[in-house]
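Novice:
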Amino acid sequence: MWFQNGDGLIVLSYSYRSAKAQAQLKKIYNDIDIFVEDTGNRSMWLHILKALLPPNTRLASIVTLGGRDAVTKACRLDQTSTGRPKLYIIDGDFDFLLGKKKERLKYFYRIRASNIENLLLTEEAFLSIALEYQPKKTEESLKALIDFPNRYSYLDNSFRLLFVAYGVAYTLQPSLQTTGHPVTKLIKNTRTGPIVEKLKLRNRAVNLYLTLAKNVGIQTVRQIRNSIIARSNILPLAQVVSGKDYLLPLLLLQFKAMCGYGGSNENFKVALARSFVAKSEPWFARRIKNLSP
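The sequence shown begins at 468 in our numbering and counts up one residue at a time.
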């Protein structure tokens, strides 16, 4: 099946029913079978996976299935040994925020973050790209310019409560738009680059709560909201706010203003993935290294 991604590129994903057949076709240049949600950006995934796999493990291609449900269904159909190591990988999405457990399946792994993109957002990765685009500046000056710890903390303070509202909406009325609402509608441009506009965030959350209260009742909304807030307070930002839909797109816009970066969203993911290291998701690293056929 063909899809058009966010950068307007036509990309191919496979039906979950054909997942094993696709892996079989790729076995001549893969030592391991990897199945993911994404419909594109295989380069990003290959950089990430090669940082986790044992040295000399051949991996030249992955099977993209076009969605979380497709990966889960394909894994359900593939619960017996094929004599080859394999792994079906899904994002966390709202699972951590809502306290949802992963389905118990063999060869199945859920990223310990909202999206795989959350794991790409590190100071080291941003600094590496900045040095490439601003070669005349020192590492110290670029590190100060990016100011990643404070920038990331600012995003935490900005988006966490909005995603509580998204979690409430997803629980009570899944048809309501949540992360599909573009982050670009919640920011404003300044002389130094785009920033979050707090009033827009507040209005976005309030409008969701008003809609939900009208449809299911204020008491139900309050009950669910309180439970999600309590869970949110003990979770890292990566398990609460979507890196794919909110954090990475906004950071990309800010990075373009700071360092003159000219690549697309998908180019940016690949550039960040080149700096991916196992410590970004140590559980994932252990799961990859301990794979059995």
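Don't be surprised by glycine CBs; every beta carbon is placed ideally from N, CA and C.
(1) Please report the straight-line C-alpha distance between R571 and Q546, rounded to a whole angstrom.
(2) When burial is assigned at 16 or more other CB atoms within 10 Å of the CB, is E748 buried or exposed?
(3) Report all residues from its chain with a CB closer than 6 Å to the CB of K573; omit the five preceding and five following residues, and keep chain order.
(4) Per the contact definition of three or more C-beta pairs closer than 8 Å, is the stretch 596–603 in contact with the stretch 578–588?
(5) On a CA-only basis, which of N624, A745, E733, A636 is nearest D712? Give me that one, please.
(6) What three-state label does DSSP hand G507 in the structure shown?
(7) Return the chain-ordered list of same chain residues with a C-beta closer than 6 Å to the C-beta of A490, the five sequence neighbours on each side being excluded.
(8) To which residues of the same chain is L516 closer than 8 Å at the C-beta, ignoring the five residues directly before and after it?
(9) Could you pull out every residue in the same chain whose Cβ sits closer than 6 Å to the Cβ of G534, ignoring the five residues on either side in sequence?
(10) My understanding is that S625 touches K665, with C-beta atoms under 8 Å, so please give their C-beta distance in whole angstroms.
(11) For the alpha helix (DSSP H) that contains R579, what are its first and last residues?
(12) So, is D421 buried or exposed, given that buried needs 16 or more other C-beta atoms within 10 angstroms?
(13) In whole angstroms, what is the alpha-carbon distance linking C726 and L544?
(14) Cα-Cα, which of K652, R658, G660, N682 is closest to Q640?
(15) Within the same chain, show all residues whose beta-carbon is closer than 6 Å to that of I614, passing over the 5 residues directly before and after it, in chain order.
(16) Closest by CA to R753, which one among H514, L520, K493, W512?
(17) Is it the case that the Cβ atoms of V737 and N497 are separated by a distance below 8 Å?
(18) Give me, in chain order, the residues of the same chain whose beta-carbon lies closer than 6 Å to that of L704; leave out the 5 immediate sequence neighbours on both sides.
(19) Tell me the DSSP secondary structure of G710 in three-state form.
(20) Drop a sphere of 10 angstroms on the beta-carbon of P522, count the other beta-carbons inside from all chains shown, and report buried for 16 or more, exposed for fewer.
(21) Report the start-end ranges of each beta strand (DSSP E) in the stretch 528–613 that is 3 residues or longer and not cut off at the edges.
(22) Ignore the nearest five residues each way along the sequence and tell me which others in K610's own chain have a CB closer than 8 Å to its CB.
(23) Among L588, N670, R551, which has the Cα closest to the Cα of L739?
(24) What does the Cβ neighbour count give for Q644, buried or exposed, with the cut at 16 atoms within 10 Å?
(25) Rounded to the nearest angstrom, what separates K568 and L612 at their Cα positions?
Specialist: With the given structure in hand:
(1) 11 Å
(2) buried
(3) Q546
(4) no
(5) E733
(6) coil
(7) D500, V530
(8) Cβ contact annotation for L516 (same chain, cutoff 8 Å, sequence separation greater than five): I501, L526, I529, I755, in chain order.
(9) E504
(10) 7 Å
(11) From DSSP, R579 is part of no alpha helix (DSSP H); its letter is neither H nor E.
(12) This structure gives no information on residue 421, because the portion of the chain shown stretches from 468 to 760.
(13) 47 Å
(14) N682
(15) For clarity, residue 614 is Asp in the given sequence; the question names Ile instead. Nothing meets the Cβ criterion.
(16) By alpha-carbon distance to R753, the top candidate from H514, L520, K493, W512 is L520.
(17) no
(18) D623
(19) helix
(20) exposed
(21) 553–557, 575–577
(22) Closer than 8 Å at the Cβ level, and outside the excluded window around K610, lie E590, L594.
(23) L588
(24) exposed
(25) 40 Å
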